[in-house]
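Take a look at the structure below.
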Amino acid sequence: MTGTGKVYLIGAGPGDPELMTLRAMRMLAEADVVVHDRLVSPEILASVPKGARRIPVGKAPGCHSVTQERINEMLAELALDGNTVARLKGGDPLIFGRGSEEAAYLAERGIAVEYAPGITAAQGAAASTGVPLTHRGLASGVRYVTGHRQKDRPLELDWKRLADPETTLVVYMGVANIGQIALALLAEGMPADLPVLAVANATTPREARLLSRLDRIAREMRDWCADGPVLFVIGRVAGLAVARGLDLDETLTEARVAGHG
Ligand SMILES: C[S@@+](CC[C@H](N)C(=O)[O-])C[C@H]1O[C@@H](n2cnc3c(N)ncnc32)[C@H](O)[C@@H]1O
434 MTGTGKVYLI GAGPGDPELM TLRAMRMLAE ADVVVHDRLV SPEILASVPK
484 GARRIPVGKA PGCHSVTQER INEMLAELAL DGNTVARLKG GDPLIFGRGS
534 EEAAYLAERG IAVEYAPGIT AAQGAAASTG VPLTHRGLAS GVRYVTGHRQ
584 KDRPLELDWK RLADPETTLV VYMGVANIGQ IALALLAEGM PADLPVLAVA
634 NATTPREARL LSRLDRIARE MRDWCADGPV LFVIGRVAGL AVARGLDLDE
684 TLTEARVAGH G
C-alpha cells in the first residue's frame, strides 16, 4: 500500500442492520480493516466484507480490555500504513461514543476522517417500542444523559435542571447507578409514580422491555434478568408503553405503574 489511508468513523446504529445508513454500508464495503466496539451487534458484524480484517476493541463496563489511548494509536497506525479503516461504533459515534476524541487524535496526525452518523440507541428504542421521546401534552423536549460515573466519583449531573416533568430523560449507561439517579430525581420533586421504561438490546431479536416507575425501578432492575445494553426512558411518555400494546417483561414484585397495570 502507498500513502496514508483514512479512517471512516461509522455509526452502526443500535443493532438492527436495516438501521444502518447507505453511507455506512458503502464505507464498510471499502474498508481494509474494521475496528469495532463490543456493542456492535452480531447481526451487523455479519455484514462486514469477508476480505476485511476485523479487530475487536470492546470495552466491557469496569474492565477496559483495550484502552482508549491504545485504540487511538491503533487507528493512526493502521491509517498511516495506508489502510482504509472503518471504526465501527454502536449507535452514533458522536453520542457517548468517544468518536470526537478519536477524530481529534487522528486530525493532529494529519489523518483524514469521514463520518457516517448512526441511529442512536434512544431513537432505535423509540422506533422499536413505539414509545415516543416527545409527545404533545406529555413531553415538549428530550435530554440524553450518561448514567456512568468515573470510579469513586459521584454522578456529576445537574439534578435540579434534569427534574423537569415536561422533558423526557433518556439515560445511557445507567444500569449500575439507576438507584442513585432515581433517588436524586425524587429528591428534586419528580413524582414517585413517574413511568420509567427500561429497554435492553433495542432493535435486536433479543430486545426486552421493563415498565416500572421512579420509586421502584432500582428494585425491579435487580429482579430483571435482561442481558446486554440497557437504556432508560424516564418521563410521562414511558406510560404510553401500555397503550402501544407492548410485550412487557414481568418482574418478581407486584409493582406496576400506577393506573397502567
Ligand atoms: C457507550 S454508550 C454508546 C451509545 C451509542 N453511541 C449510541 O449512540 O447509541 C453505550 C450505552 O448505549 C446504550 N445502548 C446502546 N445500544 C443499545 C441497545 N441496542 N439497546 C439499549 N441500549 C443501548 C446503553 O445505555 C449502553 O450502556
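Numbered per the numbering used here, the sequence shown finishes at 694, counting up by one with no gaps. Glycine residues also receive a C-beta, built at the ideal position from the N, C-alpha and C atoms.
Assign residue i to buried or exposed, taking buried as 16 or more other Cβ atoms, counted over all protein chains shown, within 10 Å of its Cβ.
i: Asp591; result: exposed
i: Lys593; result: exposed
i: Gly694; result: Bear in mind that the predicted position of Gly694 carries a pLDDT of just 37, short of 50, making it unreliable; the figure below should be weighed with that in mind. Gly694 is exposed by the Cβ-count criterion.
i: Ala555; result: buried
i: Glu687; result: Because Glu687 sits at a pLDDT of 45, beneath the cut-off of 50, its placement in the model cannot be relied upon, and the following sentence gives the value as read from the coordinates. So Glu687 counts as exposed.
i: Glu547; result: exposed
i: Asp585; result: exposed
i: Gly668; result: buried
i: Pro526; result: buried
i: Gly692; result: At Gly692, the pLDDT of 41 sits below 50, so the modelled position is not reliable; the number obtained from the coordinates is stated separately. So Gly692 counts as exposed.
i: Asp470; result: buried
i: Pro489; result: exposed
i: Ser498; result: exposed
i: Ala445; result: buried
i: Ala545; result: exposed
i: Asp449; result: buried
i: Pro447; result: buried
i: Gly484; result: exposed
i: Ser561; result: buried
i: Glu475; result: Sequence inspection shows Pro at residue 475; the Glu mentioned does not correspond to that position. The residue in question, Pro475, is exposed, as its Cβ has fewer than 16 Cβ neighbours within 10 Å.
i: Ala559; result: buried
i: Val690; result: Per-residue confidence for Val690 stands at a pLDDT of 46, beneath the threshold of 50, marking its modelled position as unreliable; the derived number appears in the next sentence. Buried, because 16 or more other Cβ atoms sit within 10 Å of the Cβ of Val690.
i: Glu653; result: buried
i: Thr381; result: Outside the displayed span of the chain (434 to 694) sits residue 381, for which this structure offers no information.
i: Ala457; result: buried
i: Arg646; result: buried
i: Ala479; result: exposed
i: Leu455; result: exposed
i: Glu506; result: exposed
For the putative contact between residue i and residue j, defined by C-beta atoms under 8 Å, what is the C-beta separation to the nearest angstrom?
i: Pro598; j: Ala633; result: Between Ala633 and Pro598 the Cβ distance is about 25 Å, and since that is not below 8 Å, they are no contact.
i: Ala641; j: Ala659; result: 5 Å
i: Val603; j: Val518; result: Going by Cβ atoms, the distance from Val603 to Val518 rounds to 30 Å, so no, they are not a contact pair.
i: Gly574; j: Thr600; result: 5 Å
i: Leu616; j: Ala671; result: Their Cβ separation, rounded to whole angstroms, is 18 Å, which puts Leu616 and Ala671 out of contact at 8 Å.
i: Ala625; j: Asp648; result: 4 Å
i: Ile614; j: Gly570; result: With 8 Å as the limit, Ile614 and Gly570 do not qualify as a contact, their Cβ atoms being about 25 Å apart.
i: Gly563; j: Gly524; result: Incorrect: roughly 19 Å between the Cβ atoms, too far for contact.
i: Ala695; j: Gly622; result: The requested residue 695 does not occur in the structure, where the chain is confined to residues 434 to 694.
i: Leu644; j: Pro628; result: 7 Å
i: Gln501; j: Arg531; result: 6 Å
Using DSSP bridges, identify the partner residues of residue i.
i: Ser645; result: Val629
i: Ile488; result: Val468
i: Gly524; result: Gly446
i: Ile394; result: This structure leaves residue 394 out entirely; the chain is present only between 434 and 694.
i: Lys439; result: Thr517, Ala545
So is the beta-carbon of residue i under 6 Å away from any non-hydrogen atom of ligand 1?
i: Asn634; result: yes
i: Thr500; result: no
i: Gly570; result: no
i: Asp660; result: no
i: Thr454; result: no
i: Thr553; result: yes
i: Asp680; result: no
i: Pro638; result: no
i: Gly448; result: yes
i: Asp525; result: yes
i: Leu664; result: yes
i: Tyr577; result: no
i: Ile477; result: no
i: Ile488; result: no
i: Ile528; result: yes
i: Met654; result: no
i: Tyr605; result: yes
Taking only heavy atoms of ligand 2 into account, decide whether any of them is closer than 6 Å to the Cβ of residue i.
i: Leu472; result: Looking for ligand 2 in the displayed structure turns up nothing; the ligands present are ligand 1.
Are the C-beta of residue i and some C-beta of chain D separated by less than 7 Å?
i: Glu463; result: Annotation note: the requested chain D is absent from the structure, which comprises a single protein chain.
| Where in the region 533-617 do unbroken runs of the alpha helix (DSSP H), each at least 4 residues long, occur, reported from the N-terminal end onward? | DSSP runs (the alpha helix (DSSP H)) wholly in the region 533-617: 554-562, 592-595.
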